[in-house]
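Visitor:
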Amino acid sequence: MHYAVLKIKLFQRWGRIEDLEEAIEKGKHAMAETREEHKAYTERLNNLGIMLESRYMRTGNMEDLEEAIRVARQTVDVTPKDHPDLAAWLNNLGSKLVRRYERTGKMGDLEEAIRVARQAVDVTPEGYPHLAGFLNNLGIKLRSRYERMGKMEDLEEAIRVVRQAVDATPEDHPDLAALLNTLGNILGSRYERTEKIEDLEEAIRVARRAIGRLNNLGNKLDLEEAIRVARRAIGVTPEDHPDLAGRLNNLGIQLESRYEHTEKMEDLEEAIRVARQAVDVTPEDHLDLAGFLNNLGIKLGSRYERMGNMEDLEEAIRVTHYAWKCENATPFIRIRASTQAIRLLQMKAISMLPYYVVSHFSGLATTACSLALQTGKGPEAALEVLEQGRGVILSILMDDRSDTSELKAAYPLLCAQYESLCLEVNKSTKDIMDDRIRRSASASRREAIAKLEQCFHKGLTAKQMQSCSAEGSVIVVNVTDLRSDAIIVTADASSKAQDWVNQDLTAPLKNGNNKAYCQFLLWLWHGCVRPVLDELQLYAQPSADNLPRVWWIGTGIASSFPFHSAGDISNRPKESTCYRIISSYTPTFKALRYAQDRARTTTLSRRDSWKPVVVTMPKTPSAGDLPGTTAESSEVIAAMGLSLSKGLPMEHPNVASTLVQLQKCNIAHFACHGVSDPDDPSRSGLILQTVGTDTEEPRQDILSAEIAYLSACSTAQNRVVRLSDEVLHVVSGFQIAGFRHVVGCLWPSDDSVCIDVAKLFYSELFRNGTARYNDRAVALALHKAVVKVRESDNYCKRPLRWAQYVHFGA
């Protein structure tokens, strides 16, 4: 046996398989000649087990591992209970069982490994030199069971025994760093589970203690040394060695870490290459294959985010999905892989939205937002994915009307292509989604659009969204089947998300039952609005003039919620939104920024320089009469301080004549029927004398547009469920045309209330005829008008008459 031991040492030094083969042959021969009662019997048996395990690690042959386990179990069985080496033999048996568990995933092996590891600790006296190692091994096995079963008691015991190992190890011991590393990793696992900051802080402390060097340069040097050692380890590892995959995987992780530090693409390229090699040399039934696949997917995802190559994203999705399907992997690894796959699929789906029928993806962005919050990505990431995936068509149309002077200066040729393509983009929703258009699009056109998107059509970042809240907070209420959240964005603080919103949110019924709707508004107040306003410390003020502004963005079923009208309208009049804030709405952050940008280029004029257009349709083709519109127009004109004259108001105009007047006006009031098309939102609009929609009319930008008041039915309602994320309604259409303030309705109202609200709105707006009005004045005017009607004896208990009036814009 002595000769066999020498041969195994030669194998460990030089890696020659023939030395290992001869060591095993000599070892078996020695055992055949050794009687059980021989004092060296257990030691020789243990050595044979180590040799067989070494050959398994070299060749991956399961027969060697099975025999190694049989020999190790026999060694334990024949060793007396008081033998000083029993603990070491138990520890060795546990290690071999774990190797088989890692290969096959059978829980029985892990359970037995933990049992014998405990026995090894139990039979080891205090102060024994190897006790710390036995404790550490037990902790590692317990953590493995935690990762498989998710039981906190395993994690807690793992921390306890590894901490004992650390405490029992002298400061100058060469194994202390490894023990501290194990403790830090397990504490990190507990932090991931409990999110207790003390676990994270202790994990950082012990990791720093293990490294021994605290500054960033030291950490970087550690990484450089780790990469050098990993390369050397791979260089001396034979191609058929079972540890080659793990060593390649570790090198890939270290190269990726260096890429994150230096952002050098060569590090990421090599990380992907070695990660792919790790996958290629791993057997399909190996426990670690899923982890290697997931690591490859993460690296491919990083390269996609850096370079934008769809092939990387496609491969990343494939390998992470494959990782999820690896049944031998632990649930934690498979869940981690599935989470990564979902993130990659979100990236792919969102990036493809402008090129496919967006109606097929209804709810994708809102669900992606919920998933981002659910998986701990944070409110900034959730907002960005929500903003990128909602209002895609709206965003394109706004970009087409944005100021391109900077773009022209930087990319004159590209901008020329861009302006020619805008003629195609400015078609109806059906045209945008028509498959024939996509089939006829040439490769050069797609390439031009791709280049344009890189420099112009970009989603807003979280920081850009925060800049939109300079004049007041923006509150996003995201409601999906997964969860309901309110995300608050303020100018001087990071975005915050909270599961404030009641989980039982459902769309309200507006069937004429005011009593039921009062209950809905009360429930909306307690379930969503009040907790958010309390968080912002926005409380009731004695005067509306002092109220702060807030913009609302609702998603999913919340896209039509009247947050501005929420509250208790029975006995506690101050327990309502309208007594705490001035509410406005915006389809998306980009729409708000679009309105704010236009506000910076124009200033609301004095009354004597205003050019209003008042359009009325007392009689409408194919629709009911609206006799109240005549009285409404008279009240509106009088409130403006003007008098009836030729062309004011415009009665029964057609589309063409109205467009001509809109080009000259800065305020437009429409008192007519509106229609929300349930199939094609681009056919929604205001019904004028012309029957139907004149699709040949150009989509013109109203250059002097400031205020549009749409006293018509359901102008802020989107009835196309499959396009709920697109926020396409008549109000957003007027925003695209250039009106930076639009007043609309979520549902129809009756003539008398229409007249009252319009009269009060313009009376407030034109109260100081010589003053220059700011954007706040428009929102405040509607706010005061609706509150006045709300507080009247006729309508205080009838919210279906006044709760539908909303302000969109800057």
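full-length UniProt numbering puts the sequence shown at residues 1 to 810.
Each residue gets a CB set at the ideal place from its N, CA and C atoms; glycine is no exception.
Do A785 and L746 have their C-beta atoms within less than 8 Å of each other?
Guide: What you label residue 785 is simply residue 785 of the sequence shown in a count that begins at 1. What you label residue 746 is simply residue 746 of the sequence shown in a count that begins at 1. Cβ distance not < 8 Å, so A785 and L746 don't count as in contact.
Visitor: Given that a residue counts as buried once 16 or more other Cβ atoms are within 10 Å of its Cβ, and exposed if not, what is A32?
Guide: Along the sequence shown, read from residue 1 onward, the residue named residue 32 stands at position 32. A32 should be labelled exposed.
Visitor: Kindly indicate which residue of E380, L131, I140 has the alpha-carbon position closest to the one of S95.
Guide: For the purposes of this step, residue 95 is identified with residue 95 of the sequence shown, where counting begins at 1. When only C-alpha atoms are compared, the closest one is I140.
Visitor: Hey, A639 and Y762: beta-carbon distance below 8 Å or not?
Guide: For the purposes of this step, residue 639 is taken as residue 639 along the sequence shown, with counting starting at 1. For the purposes of this step, residue 762 is taken as residue 762 along the sequence shown, with counting starting at 1. Yes; because the gap between Cβ atoms is below 8 Å, this pair is in contact.
Visitor: Among residues of its own chain, excluding the 5 on either side of D64, which ones have a beta-carbon nearer than 6 Å to its beta-carbon?
Guide: Position 64 of the sequence shown, counted from the first residue, corresponds to residue 64. If we look at D64 and ignore the five residues flanking it on each side, its Cβ neighbours are L52, R55, Y56.
Visitor: With a cut-off of 8 Å on the beta carbons, I'd call I488 and V532 a contact; round off their distance for me.
Guide: Counting from one through the sequence shown, the residue named residue 488 turns up at place 488. Counting from one through the sequence shown, the residue named residue 532 turns up at place 532. Between V532 and I488 the Cβ distance is about 7 Å, and since that is below 8 Å, they are a contact.
Visitor: In angstroms with no decimal places, state the Cα-to-Cα distance between V281 and I50.
Guide: Mapped onto the sequence shown, residue 281 falls at position 281. Mapped onto the sequence shown, residue 50 falls at position 50. The straight-line gap from Cα to Cα measures roughly 24 Å.
Visitor: Return helix, strand or coil for I707, following the three-state DSSP convention.
Guide: Translated into the one-based positions of the sequence shown, residue 707 becomes position 707. In the structure shown, I707 sits in a strand (DSSP, three-state: E or B).
Visitor: For a quick check, are the C-beta atoms of L135 and A87 less than 8 Å apart?
Guide: The residue given as residue 135 occupies position 135 in the sequence shown. The residue given as residue 87 occupies position 87 in the sequence shown. In this structure, A87 does not lie closer than 8 Å to L135 by Cβ.
Visitor: By Cβ distance, which residues of its chain are closer than 8 Å to L142, with the 5 residues on each side in sequence left out?
Guide: The residue given as residue 142 occupies position 142 in the sequence shown. Closer than 8 Å at Cβ, skipping near neighbours: I114, D154, L155, E157, A158, V161.
Visitor: Would you mind stating whether P627 and P618 have Cβ atoms separated by less than 8 Å?
Guide: Here the question's residue 627 lines up with position 627 in the sequence shown. Here the question's residue 618 lines up with position 618 in the sequence shown. A contact, by the Cβ cut-off of 8 Å.
Visitor: What's the C-alpha gap between G105 and H38?
Guide: Here residue 105 is taken as the residue at index 105 of the sequence shown, counted from 1. Here residue 38 is taken as the residue at index 38 of the sequence shown, counted from 1. C-alpha separation (whole angstroms): 37 Å.
Visitor: In the DSSP assignment, the alpha helix (DSSP H) including G733 goes from what residue to what residue?
Guide: Position 733 of the sequence shown, counted from the first residue, corresponds to residue 733. Here the alpha helix (DSSP H) through G733 covers 730-737.
Visitor: Once you ignore the five residues that flank A341 on each side, which residues in its own chain have a CB closer than 7 Å to its CB?
Guide: Against the sequence shown, residue 341 aligns to sequence position 341. These residues qualify, in order along the chain: I317, T320, H321, W324.
Visitor: Compute the Euclidean distance between the alpha carbons of C468 and P587, then round it to the nearest angstrom.
Guide: Along the sequence shown, one-based indexing puts residue 468 at 468. Along the sequence shown, one-based indexing puts residue 587 at 587. Answer to the nearest angstrom: the Cα atoms are 13 Å apart.
Visitor: From this set, D625, A777, P612, which residue's C-alpha is nearest M650's C-alpha?
Guide: As a first step, residue 650 is located in the sequence shown; it is residue number 650 there, counting from the start. Closest by alpha carbon: P612.
Visitor: What are the uninterrupted segments assigned as alpha helix (DSSP H) that are 4 or more residues long and contained completely in the stretch 135-189, given in chain order?
Guide: As far as the stretch 135-189 is concerned, its whole alpha helix (DSSP H) runs of at least 4 residues are 152-167.
Visitor: Tell me, to the nearest whole angstrom, how far the beta carbon of V660 is from that of I637; I am working on the premise that it is less than 8 Å.
Guide: Here residue 660 refers to the residue found at position 660 of the sequence shown. Here residue 637 refers to the residue found at position 637 of the sequence shown. The pair is not a contact, with the Cβ atoms about 20 Å apart (cut-off 8 Å).
Visitor: What do you get for K515, buried or exposed, if any count of 16 or more other CB atoms within 10 angstroms of its CB means buried?
Guide: As a working mapping, residue 515 is identified with position 515 in the sequence shown. Per the 10 Å Cβ criterion, exposed.
Visitor: Is the stretch 107-121 touching the stretch 77-84 in the sense that three or more CB pairs, one from each, lie closer than 8 Å?
Guide: The stretch 77-84 is not in contact with the stretch 107-121.
Visitor: If you reduce the DSSP assignment to three classes, tell me which class W523 lands in.
Guide: Along the sequence shown, read from residue 1 onward, the residue named residue 523 stands at position 523. Reduced to three states, the DSSP call for W523 is helix.
Visitor: For the alpha helix (DSSP H) containing P531, list its first residue and its last residue.
Guide: The residue given as residue 531 occupies position 531 in the sequence shown. Residues 530-535.
Visitor: Thinking just about the alpha-carbon of each residue, which of M149, P174, R145 is nearest to the one in G133?
Guide: On the sequence shown, residue 133 is found 133 positions in, with the first residue counted as 1. Of the candidates M149, P174, R145, the one whose C-alpha sits nearest the C-alpha of G133 is P174.
Visitor: Strictly by DSSP, which residues pair up with N478?
Guide: Locating residue 478 in the sequence shown gives position 478, where the first residue counts as 1. Answer by DSSP bridge pairing, in chain order: D485.
Visitor: DSSP puts L248 in a beta bridge; with which residues?
Guide: Here residue 248 is taken as the residue at index 248 of the sequence shown, counted from 1. Beta-bridge pairing links L248 to no other residue.
Visitor: Within its chain, find whatever has a CB closer than 7 Å to the CB of I298; leave out the 5 residues flanking it on each side and keep chain order.
Guide: Locating residue 298 in the sequence shown gives position 298, where the first residue counts as 1. Excluding residues within five positions, the ones whose Cβ falls inside 7 Å are Q340.
Visitor: Per DSSP, S584 forms a beta bridge with which residues?
Guide: By 1-based counting over the sequence shown, the position of residue 584 is 584. Looking at the DSSP assignment, S584 forms a beta bridge with W551.
Visitor: Determine the burial state of N137: buried for a count of at least 16 other Cβ atoms within 10 Å of its Cβ, exposed for fewer.
Guide: If you number the sequence shown from 1, residue 137 lands on position 137. It is buried - the Cβ of N137 has at least 16 other Cβ atoms within 10 Å.
Visitor: Go ahead and pull the three-state DSSP assignment for M310.
Guide: Numbered from its first residue, the sequence shown carries residue 310 at position 310. Three-state result, M310: helix.
Visitor: So who's on the other strand from Y805, going by DSSP bridges?
Guide: Working through the sequence shown from its first residue, we reach residue 805 at position 805. Per DSSP, C745.
Visitor: Which value, in whole angstroms, describes the spacing of the CA atoms of C796 and A631?
Guide: Taking the sequence shown and counting its residues from 1, one reaches residue 796 at position 796. Taking the sequence shown and counting its residues from 1, one reaches residue 631 at position 631. Cα to Cα, C796 sits roughly 23 Å from A631.
Visitor: Can you tell me where the alpha helix (DSSP H) holding T783 begins and where it ends?
Guide: The residue you call residue 783 lines up with position 783 of the sequence shown. Sequence inspection shows His at residue 783; the Thr mentioned does not correspond to that position. Here the alpha helix (DSSP H) through H783 covers 775-790.
Visitor: Can you tell me the Cα-Cα spacing of F739 and A708, whole angstroms?
Guide: Here residue 739 refers to the residue found at position 739 when the sequence shown is read from its first residue. Here residue 708 refers to the residue found at position 708 when the sequence shown is read from its first residue. When rounded, the distance between both Cα atoms is 6 Å.
Visitor: Quickly, what does DSSP pair F761 with across the bridge? List them, please.
Guide: As a first step, residue 761 must be located in the sequence shown, where it is residue number 761. The partner list for F761 (beta bridge, DSSP) is empty, contrary to what the question assumes.
Visitor: Tell me whether I667 sits in a helix, a strand or coil according to DSSP, three-state version.
Guide: Mapped onto the sequence shown, residue 667 falls at position 667. Strand at I667.
Visitor: N546 to Q804, Cα distance in whole Å?
Guide: As a working mapping, residue 546 is identified with position 546 in the sequence shown. As a working mapping, residue 804 is identified with position 804 in the sequence shown. Rounded to whole angstroms, N546 to Q804 spans 24 Å at the Cα level.
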